[in-house]
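Since the structure comes first, as structure tokens, the remarks are kept for the end.
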Amino acid sequence: MVTYTITPLGEAALFVSFGHVISPHIHRYVRILSEYLDRHRFVGFKECILSYTAVTVIYDPFFVKRNIGLDKTAAEIVEDMLRQAVENMDKKPLAPADIVEIPVCYGGEYGPDLEYVASYHDMTTTEVVKIHSNTEYLVYMIGFCPGFPYMGGLDERIATPRRKSPRLSIPARSVGIAGEQTGVYPLATPGGWQIIGRAAVELFTPVRDTPSLLKAGDKIHFIPIDIDTYKEIRGDSV
Amino acid sequence: MSITVLRPGMLTTLQDRGRQGYQKYGVLVSGAMDEEALRLGNIIIGNEQGEAALEITMMGPVLKFTEDALISLTGADLEPRVDGNAVPMWRPIVLKSGSVLRFGRPVRGSRTYVCLSGGYDVPLVMGSKSTYLRAAMGGYQGRALAADDVLEAGRMSDCGRAIMESLKRRGNFITSPWYVQPAYELEQGADGPIRLTPGLQYRYFTEESCQKLVHEGFAITVHADRMGYRMKGSKLELTAPLEMISEAAVKGTVQVPADGNAIILMADRQSTAGYPKIGQVVLADMGRLAQSKPGEVIHFSMITPAQAEVLYIEREEYIDQIALSIQCRYE
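Chains X and P supply the protein sequences, listed in that same order. Residue numbers for the first sequence follow numbering that gives the first Met the number 0, beginning at 0 and rising by one. Residue numbers for the second sequence follow numbering that gives the first Met the number 0, beginning at 0 and rising by one.
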């Protein structure tokens with residue numbers, strides 16, 4: 000039995016929540032419902048936003064009402080459909096998540112905070128890299144900026160507080176740690192993350208039909224590479 | 000037909016109704032801040048409602064038209080003038096080749112839409128012509144207009160051509176005898192409060208804060224742009240600290256960071272946010288909010304989502320009717 004709540008987020012979105020804690024178990028339902036809705040679009044459906052524990056379903060009340068009429072509000076009509084979807088979806092098997100390998104050049108000029116993270120935990124930089132790259136991470140959601148993955152699974156042994164003073168600009172593709180999170184910045188942005196390396200692949204490419212390298216539900220492996228391999232992959236764009 | 004940018008204005012970008020369906024990849028919707036002004040502007044010159052227009056902010060550009068063109072100006076009154084003569088808004092206007100369109104001071108509102116019959120010919124990025132500046136994406140080369148840019152027009156629709164011909168036949172070379180009423184003047188109390196529905200964490204705010212929200216004014220600060228409006232007023236407080244994990248945010252979400260000052264999320268909002276949400280601006284009032292300026296004091300009132308839905312549907316029906324009557328008249 001799936002427990003969930005449905006709450007209006009204004010007059011054109013419903014927030015379907017499966018709980019309040021970050022866990023792969025709860026997140027599974029987020030993915031199942033969003034994939035179900037992708038396959039069974041209702042009239043007036045616009046899109047879903049996936050987050051750690053919830054699917055936010057955005058719709059156009061005008062089209063919902065015009066096509067279904069009834070004495071109910073559009074919100075009630077969509078809520079009924081979502082309840083049905085949750086009841087029906089449970090039986091469908093979940094498509095396997097993609098496993099995405101991201102080559103990362105750790106340390107040096109690309110990972111200026113790697114030394115700090117190592118000394119903070121009384122480790123060598125090699126140990127930090129080993130722990131960071133030996134973990135499988137789950138992408139819970141993409142947000143904050145185009146293509147940015149919110150990931151879970153960082154090993155507590157290398158969890159490190161944010162920098163006291165944020166950098167004005169972190170280069171695109173930087174790999175960082177902030178508290179118990181790790182992430183990769185698709186675009187250059189200001190921020191206080193501890194930067195330990197740089198990915199050799201783009202996370203966000205606007206011209207593609209699927210602009211983001213990652214999606215909710217993917218599993219990520221970071222593959223350590225040396226600077227020569229990094230430059231070889233990047234080619235002329237270094 | 001092309002338009003040469005003689006001066007770019009403060010912030011002039013191409014915007015349509017935004018990128019739909021890509022928020023799950025973290026791609027912002029963007030799009031026109033005042034969507035109704037954009038849609039009505041397009042309808043009255045025979046365009047699809049969602050065609051892109053130039054969104055100009057406070058201080059307008061100077062634009063030169065190389066050939067006869069059918070345009071419309073909707074949204075804020077920024078004193079538009081063509082070759083020195085004031086031109087009316089919310090109507091189709093035929094400009095003669097060589098005409099120069101410029102703007103004066105902001106009389107009312109802050110964002111004007113320059114709609115062009117046939118649309119602006121720029122590539123679609125993820126299904127949209129909207130400009131998103133931070134990712135340098137969409138619109139005209141992913142950026143705001145600059146001097147000497149040249150914008151090419153797309154193909155006019157049959158309806159657009161019929162409207163243009165009818166204006167020429169009337170000998171009324173510059174504009175039509177009819178106009179459309181802006182959607183935000185539909186109801187009495189267009190200057191009334193900006194209406195909210197309760198946000199996802201509304202019940203976690205103190206009774207006092209919920210009262211202040213609807214009884215006191217909140218000023219729009221200078222930190223008000225296409226992404227969001229930071230407000231200033233009484234501090235809005237939670238009854239107890241709330242452990243939040245990031246969740247979705249939508250157009251009009253009113254979130255409250257730890258300092259107690261509300262932020263209203265606008266067109267270039269992120270798809271996720273981590274602060275408690277006290278309210279949601281009803282979509283029927285978003286255009287009016289988009290036209291408000293820093294320094295203005297906003298009053299809020301609270302209604303139910305069902306009431307907001309009625310307002311939304313009425314607004315859509317109004318726009319639909321105008322689209323239909325233009326079609327009937329010119330096709």
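No residue lacks a Cβ here, since even glycine has one placed at the ideal position from N, Cα and C.
Output the boundary residues of the alpha helix (DSSP H) element that contains F61(X).
60 to 67
Determine the contact status of K128(P) and L13(P), defining contact as a CB-CB distance below 7 Å.
yes
Would you say R229(P) and A266(P) are within 7 Å of each other, going by their C-beta atoms?
no
Beta-carbon within less than 7 Å of G286(P)'s beta-carbon, same chain only, minus the 5 sequence neighbours each way: which residues are those?
D33, E34, E35, A36, A182, Y183
Where does R142(P) sit, in a helix, a strand or coil, going by DSSP?
strand
Against chain X: residues of the stretch 16 to 43 of chain P by CB proximity under 8 Å:
Q19, G20, Y21, Q22, K23, Y24, G25, V26, L27
On the DSSP bridge list, what partners appear for Q14(P)?
A52(P)
Within 10 angstroms of the Cβ of G294(P), are there 16 or more other Cβ atoms? Answer buried if so, exposed if not.
exposed
Are at least three pairs of beta-carbons, each pair with one atom in the stretch 303 to 323 of chain P and one in the stretch 63 to 81 of chain X, less than 8 Å apart?
yes
Anything in chain X within Cβ reach of L199(P), meaning under 8 Å, just list it in chain order.
T6, L8, F14
Just the C-alpha distance for H222(P) and Y139(X), rounded to the nearest angstrom, thanks.
31 Å
Have a look at Y28(X) and K230(X) and give me their C-alpha separation to the nearest angstrom.
40 Å
Under 8 Å by Cβ, that's how I've got S132(X) and I219(X) pegged, so tell me the actual separation to the nearest angstrom.
Wrong, their Cβ atoms sit about 10 Å apart, outside the cutoff.
DSSP state of A73(X) mapped onto helix, strand, coil
helix
Considering M163(P), what are the terminal residues of the alpha helix (DSSP H) in which it resides?
157 to 168
Closest to G126(P) by C-alpha separation, out of G137(P), S156(P), G117(P), would be which residue?
G137(P)
For the stretch 21 to 49 of chain X, which residues have a CB atom closer than 8 Å to at least one CB atom of chain P, in sequence order?
I21, S33, K45, E46, C47, I48, L49
Using a Cβ-Cβ cut-off of 6 Å (strictly less than) and excluding sequence neighbours within five positions of D217(X), which residues of its own chain qualify?
A96, D97, V99, V138
Residues of the stretch 240 to 265 of chain P with a CB closer than 9 Å to any CB of chain X: list them in chain order, please.
E242, I244, S245, E246, A247, A248, V249, K250, G251, T252
Run through chain X and tell me which residues come within less than 8 Å of A307(P), C-beta to C-beta.
G9, E10
Less than 7 Å between C-beta atoms, sequence neighbours within five positions excluded: which residues of the same chain meet that for I226(X)?
C104, G107
State buried or exposed for L13(X), treating a residue as buried only when at least 16 other CB atoms are found within 10 Å of its CB.
buried
Closest by CA to L62(P), which one among S291(P), D148(P), Y131(P)?
D148(P)
With S98(P) and N46(P) assumed to form a contact (beta carbons below 8 Å), what rounded beta-carbon distance in angstroms separates them?
So it is not a contact: roughly 19 Å between Cβ atoms.
Along the alpha helix (DSSP H) that carries A305(P), what are the first and last residues, could you check?
304 to 329
Residues in the stretch 270 to 302 of chain P having any Cβ partner in chain X nearer than 7 Å
S270, T271, Q279, V281, L282
Could you name the residues of chain P that T72(X) contacts, counting a contact when the two beta carbons are closer than 7 Å?
A305, E308
Among K214(X), G234(X), I232(X), the one whose alpha carbon lies nearest that of G25(P)
K214(X)
Report the residue ranges of all beta strand (DSSP E) runs contained in full by the stretch 220 to 308 of chain P; include only those spanning at least 3 residues, in chain order.
227 to 231, 252 to 254, 262 to 264, 276 to 280, 296 to 301
If you drop the 5 nearest sequence neighbours on each side, which residues of the same chain put their C-beta closer than 8 Å to that of Q326(P)?
C158
Does P60(X) get closer than 7 Å to chain P when you measure Cβ to Cβ?
yes
Give a yes or no on whether the minimum CB-CB distance between Y311(P) and chain X is below 7 Å.
yes
How many whole angstroms separate the CB atoms of V183(X) and L153(X), which I take to be in contact at a CB cut-off of 8 Å?
13 Å between Cβ atoms; not a contact.
Enclosing beta strand (DSSP E) for T4(X) [first to last residue]:
4 to 7
What does a CB cutoff of less than 6 Å around F17(X) pick up in its chain, not counting 5 residues either side in sequence?
Y3, I25, Y28, T52
Return yes when the Cβ of G8(P) is within less than 7 Å of the Cβ of G59(P), no when it is not.
yes
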